[in-house]
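A.B. asks: Residue numbers (the working numbering), protein chains in the order written: chain A, 314 to 574; chain B, 0 to 787. Please see the structure below; I have some questions.
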């Protein structure tokens, strides 16, 4: 790890001011940033910790919308997001206890790891990502592997999740990292079903629109029988071919529907 | 059940210190004035090394000195401890194994330069400023391609990439071929024994120290055998006589073979400490461990089994490519040969066996012994081909094995591959395992699984291993450049307590608990009166170390021999004290008595007399009570057993879940059953890791793709079932004083074929024609095989 400056502001405004320095980076739970710094793959001149900003933490439910502060940890979401059980279950199964006690929702979304769990929930829920300057619809937020619509110096402050009528997340773990080799979040709303897939595509999290149409008409695993996802654009690595991942998407979507229904 | 002697499950006395952070590992040692080294390692697999410019780096803050290969011009290469003679009577090709890359880079991770600085971070900063001028060459990764005509050579000064072409037993070759020609049935299987990285919890550490006042060097290192390191490094690398070199291996957090070998970092730290007159410390990162610890396994094999019309095995023929990596690690050449070919008879009466092994240099990290070392490779191919034969012939795999077992009354049994099994009862462990696993009730469980959409399968394997390495005269004939005895000094103090200095090294095996049980049992005192000292060449007589499940069989035997000498001398003293004839003295429960009388002296009275010899037979014996014994075994020991694994396969995803695992082992006599069970649990865990999860993968350019835990899958608790262990089928070893065989590797040897056989069973019962899947049986591989 190279030397760096560290600040821990108490407000979003102070954080944004600190982030205006060149090579400054926001630090939330640090579950990706710190290891990459230790390996000298990332060398920010200044880390701006967001964990001192009280306004960024907590789970609030108002009507059909659950709003979760960006620095709420996975463990806190698992314990507090009781009004959205599928989301609480997802958070409670990320990584291990050490990761869940440090890692945060906002950090996960801003990083947009193609195998992270949270992006699938945000996209399948049609959630709104609230940032320091605006609100971004989930469909506009994720922009390919490790890329988002966030501008430099813009930070995620909260996410507003519309609570679905039924939902479930099913992931199939990569044997080494235990990140999802493929994960599918299915959420059923009054106006239709949304299906988001993580871990599988070279483009990061995506919606499987054919499945959404079929499930909106018939919310059962059987509705998927005649569908198949092409392997083009799926990732191939040591742990699974593109064909295998495409196959898993369908299997897991069916399982998620069965779990939700 | 004895309370705390031989056969008692005494709780491990070392565990509280390990579990509460009070252990003293090498990295816990920090010497006054200590400097730190960071190694600049190659990030390409094969290149001509034109030059290394350290000028800018040397001027950076905190840098004491930067070393490159030129600093080691007067220093030897890392020695290889075993020379193999090939099929044609020629010695193996043995390239120099330099401390740092000389002229060429031969694998990713090879050391190019070493920066010694005041802190690790300063050393690392400076290493980034070193400029390496190299010209990349095509990498040689695939073993068969490496053996092709015109292949790029890893070592330009060798004739080829073939280290040796070994045939065993060469004289049997024609007869074996003839038996195949006349066989009623031949089963053939091609398979890969996947390359593994040992990944002990504690990474390697080395600290070199130099004492100006007496010109002596000390190396603190994470080793399974400090005396071996002292000999290899002192005599062959740095030219330091053994009386000027001390090697200390304190608490060591797991070895699994990979801490047997002498590594460049050890020699470097010892050398640099003398040059700089300061202690020099290196602690491996986990990333470095992946590219610098010796790897394990990596065999590609074709095996053929010939049977007659009555399903008797008539001949076995194997053809193996064994990866050596870029250089020969300390014991690498012995693993695919003498630790592998000699076990190919397994538990069976197969009369004719021929084993061919081609050892190959590639641009990869050196490969050497890993838990089991050669025996897992032998067992895997044999137990897979026997299983395949049973399926082809339509007979129960258990019964085909039973039919071909060496019978209980045939021991000692000389196999056609040069070893003589002293004892065993293979049918007993088979029957035990069948009973424990409820083999007969499998179909009910299979139907229950089917009801949940899962494919259930059951598989078994029968292993044999050769442990307690080894008779020195025998291994000398086979090319070992070392003796393989063990030593122990038993020092009885005046007040009766005992310190045992043993050459065996404990790095998880529980010697500090089990060894005292033996001595306490022999004398009749409490085990807490006995302390085990190991891991320091300054206070133990000599030691060949711990590997090959040899500690209790060889080190324990040395300890017994030394204790026998102690008891003999103590009886002389007791006889003198009680004015009785020595022949009438009996030792029981810590007291000496004169047979047929009520005369008695306590253990402590005798030990005190030995050191305060006021009333003592000084004209007959010396004062003091300390004895040393060296024990050189008469034969290997041959643990064996039957393992049965039951799995469920998810047909939609290819995911394999181990439902149950049964291990019925014959370890001979057992000192501490709880520790033995723990050894089996650990071994089975590693075997299931190999079979289901672990895989060390290089790409065609020689880059290690599985270079961290993000891609190298270690087994976790939830990947393992509760393991059902039994060792009641006991045929004691006939040639060592305790009748023990060793238990450290059995789990890792016997479990992979049981698991793979179970998965193939599940898939075939489901109607697929999947005949084999190479390990690890990861979900994508199983799914791909089912959908091929």
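Glycine included, every Cβ here is placed at the ideal spot set by N, Cα and C. Just so we're clear, the structure is a prediction, and the values are computed from it rather than from any experiment.
1) Is the beta carbon of residue 774 of chain B less than 9 Å from the beta carbon of residue 299 of chain B?
2) Chain A partners of residue 712 of chain B, CB-CB under 7 Å?
3) Thinking residue 142 of chain B and residue 320 of chain B are a contact (beta carbons under 8 Å), I'd like their distance in whole angstroms, please.
4) Can you pull the chain A residues whose beta carbon is under 9 Å from the beta carbon of residue 708 of chain B, in chain order?
5) Is any beta-carbon of chain B found at less than 9 Å from that of residue 362 of chain A?
6) Which ranges does the alpha helix (DSSP H) cover as unbroken runs of at least 4 residues, wholly within the region 256-303 of chain B, from first to last along the chain?
7) Counting pairs of Cβ atoms below 8 Å between the region 394-407 of chain A and the region 470-481 of chain A, do you hit three or more?
8) Going by DSSP, which residues form a beta bridge with residue 357 of chain B?
9) Taking the alpha-carbon positions, what's the residue 239 of chain B to residue 223 of chain B distance?
10) Excluding the 5 residues flanking residue 22 of chain B on each side, which residues of the same chain have their C-beta closer than 7 Å to its C-beta?
11) Skipping 5 residues on each side, what residues in its chain have a beta carbon closer than 6 Å to that of residue 445 of chain B?
12) If you run the structure through DSSP and keep just helix, strand and coil, what is residue 30 of chain B?
13) For residue 0 of chain B, does the three-state DSSP call read helix, strand or coil?
14) State the CB to CB distance for the pair residue 351 of chain B and residue 314 of chain B, rounded to an integer number of angstroms; the pair is presumed to be in contact (CB under 8 Å).
15) Which residues share a DSSP beta bridge with residue 38 of chain B?
16) Please state the DSSP three-state secondary structure of residue 782 of chain B.
17) May I ask you to report which of helix, strand or coil DSSP gives residue 457 of chain B?
18) CA-CA distance, residue 81 of chain B and residue 301 of chain B?
19) What residues of chain A sit near residue 777 of chain B, judged by a beta carbon separation below 7 Å?
20) Who are residue 667 of chain B's beta bridge partners in DSSP?
21) Of all the CB atoms in chain A, is at least one closer than 9 Å to the CB of residue 652 of chain B?
22) Could you work out which residue in B:329, B:153, B:279 is closest to residue 256 of chain B when comparing CA atoms only?
23) According to DSSP, is residue 586 of chain B helix, strand or coil?
24) From B:473, B:658, B:211, B:591, pick the residue whose C-alpha is nearest to that of residue 721 of chain B; which is it?
25) Report back the beta-carbon spacing between residue 581 of chain B and residue 570 of chain B to the nearest angstrom; my notes put them in contact at under 8 Å.
26) I need the straight-line Cα distance from residue 333 of chain B to residue 638 of chain B, nearest angstrom please.
27) Cβ of residue 560 of chain A less than 9 Å from any chain B Cβ?
28) So residue 485 of chain A contacts chain B; which residues on that side make the cut at Cβ distance below 8 Å?
29) Please classify residue 463 of chain B: does DSSP put it in a helix, a strand, or coil?
30) Would you kindly report the start and end of the unbroken beta strand (DSSP E) that includes residue 55 of chain B?
31) Can you have a look at residue 611 of chain B and say buried or exposed, based on whether 16 or more other CB atoms are within 10 angstroms of its CB?
32) So for residue 233 of chain B, helix, strand or coil by DSSP?
33) Would you identify the three-state DSSP class for residue 332 of chain B, choosing helix, strand or coil?
34) Chain D partners of residue 783 of chain B, CB-CB under 9 Å?
35) Quick one: does residue 510 of chain A have its CB under 9 Å from some CB of chain B?
C.D. replies: Looking at the coordinates:
1) Position 775 of the second chain, counted from the start, is the residue given in the question as residue 774 of chain B. Position 300 of the second chain, counted from the start, is the residue given in the question as residue 299 of chain B. Taking 9 Å as the cut-off, the beta carbon of residue 774 of chain B is found no closer than this to the beta carbon of residue 299 of chain B.
2) On the second chain, residue 712 of chain B is found 713 positions in, with the first residue counted as 1. In chain order: 488, 489.
3) Along the second chain, one-based indexing puts residue 142 of chain B at 143. Along the second chain, one-based indexing puts residue 320 of chain B at 321. Yes, they are in contact, since the Cβ atoms of residue 142 of chain B and residue 320 of chain B sit about 4 Å apart, within 8 Å.
4) If you number the second chain from 1, residue 708 of chain B lands on position 709. Going along chain A in sequence order, the residues near residue 708 of chain B (Cβ under 9 Å) are 489, 490.
5) As a first step, residue 362 of chain A must be located in the first chain, where it is residue number 49. No, its Cβ sits nowhere closer than 9 Å to a Cβ of chain B.
6) Complete alpha helix (DSSP H) runs here, min 4: 263-275, 285-291.
7) Counting Cβ pairs under 8 Å, three or more are found: they touch.
8) Here residue 357 of chain B is taken as the residue at index 358 of the second chain, counted from 1. B:164, B:320.
9) Numbered from its first residue, the second chain carries residue 239 of chain B at position 240. Numbered from its first residue, the second chain carries residue 223 of chain B at position 224. Rounded to the nearest angstrom, the two C-alpha atoms are 21 Å apart.
10) Counting from 1 along the second chain, the entry for residue 22 of chain B is found at position 23. Excluding sequence positions up to five before and after residue 22 of chain B, its CB lies within less than 7 Å of the CB of 16, 250, all in the same chain and listed in chain order.
11) Counting from one through the second chain, the residue named residue 445 of chain B turns up at place 446. Closer than 6 Å at the Cβ level, and outside the excluded window around residue 445 of chain B, lie 455.
12) The residue given as residue 30 of chain B occupies position 31 in the second chain. For residue 30 of chain B, the secondary structure class from DSSP, reduced to helix, strand or coil, is coil.
13) For the purposes of this step, residue 0 of chain B is taken as residue 1 along the second chain, with counting starting at 1. In this prediction, residue 0 of chain B has a pLDDT of 48, which is less than 50 and means its spatial position is unreliable; what the coordinates show is noted afterwards. The answer is coil: DSSP assigns residue 0 of chain B none of H, G, I, E or B.
14) Position 352 of the second chain, counted from the start, is the residue given in the question as residue 351 of chain B. Position 315 of the second chain, counted from the start, is the residue given in the question as residue 314 of chain B. Contact between residue 351 of chain B and residue 314 of chain B holds: their C-beta atoms lie close to 4 Å from each other, under 8 Å.
15) As a first step, residue 38 of chain B is located in the second chain; it is residue number 39 there, counting from the start. Paired residue(s): B:113.
16) Looking up residue 782 of chain B in the second chain gives position 783. In the structure shown, residue 782 of chain B sits in a helix (DSSP, three-state: H, G or I).
17) Here residue 457 of chain B refers to the residue found at position 458 when the second chain is read from its first residue. Here residue 457 of chain B carries a strand assignment [DSSP, helix/strand/coil].
18) What you label residue 81 of chain B is simply residue 82 of the second chain in a count that begins at 1. What you label residue 301 of chain B is simply residue 302 of the second chain in a count that begins at 1. Here the alpha carbon of residue 81 of chain B sits roughly 25 Å from the alpha carbon of residue 301 of chain B.
19) Stepping through the second chain from its first residue, residue 777 of chain B is reached at position 778. Residues of chain A whose Cβ lies closer than 7 Å to the Cβ of residue 777 of chain B are, in chain order, 488, 552.
20) For the purposes of this step, residue 667 of chain B is identified with residue 668 of the second chain, where counting begins at 1. Paired residues: B:739.
21) For the purposes of this step, residue 652 of chain B is taken as the residue at position 653 of the second chain. Yes - at least one Cβ of chain A is within 9 Å of the one on residue 652 of chain B.
22) Position 257 of the second chain holds residue 256 of chain B. Answer by Cα proximity: B:329.
23) The residue labelled residue 586 of chain B in the question sits at position 587 within the second chain. Correct three-state label for residue 586 of chain B: strand.
24) As a working note, residue 721 of chain B is residue 722 in the second chain. For residue 721 of chain B, the closest alpha carbon among the candidates B:473, B:658, B:211, B:591 is that of B:658.
25) Counting from one through the second chain, the residue named residue 581 of chain B turns up at place 582. Counting from one through the second chain, the residue named residue 570 of chain B turns up at place 571. Under the criterion of beta carbons closer than 8 Å, residue 581 of chain B and residue 570 of chain B qualify as touching, at roughly 6 Å.
26) By 1-based counting over the second chain, the position of residue 333 of chain B is 334. By 1-based counting over the second chain, the position of residue 638 of chain B is 639. Approximately 20 Å, taken between the alpha carbons.
27) Sequence index remark: in the first chain, residue 560 of chain A carries index 247 (1-based). Output row for residue 560 of chain A: interface = yes.
28) Within the first chain, the letter at position 172 stands for residue 485 of chain A. For a Cβ distance threshold of 8 Å, residue set 652, 654, 778 of chain B lies close to residue 485 of chain A, ordered along the chain.
29) The count along the second chain starts at 1 and reaches residue 463 of chain B at position 464. DSSP, reduced to helix, strand and coil, places residue 463 of chain B within a strand of the structure shown.
30) In the second chain, residue 55 of chain B corresponds to position 56, counting from 1. Note, residue 55 of chain B: premise wrong, no beta strand (DSSP E); alpha helix (DSSP H) at 54-57.
31) In the second chain, counting from the first residue as 1, residue 611 of chain B sits at position 612. Counting the other Cβ atoms within 10 Å of the Cβ of residue 611 of chain B gives fewer than 16, which makes it exposed.
32) Against the second chain, residue 233 of chain B aligns to sequence position 234. It is helical.
33) Here residue 332 of chain B refers to the residue found at position 333 when the second chain is read from its first residue. Three-state result, residue 332 of chain B: helix.
34) This model lacks chain D altogether; the protein chains it does include are A and B.
35) In the first chain, residue 510 of chain A corresponds to position 197, counting from 1. It does not: the Cβ of residue 510 of chain A has no partner Cβ on chain B nearer than 9 Å.
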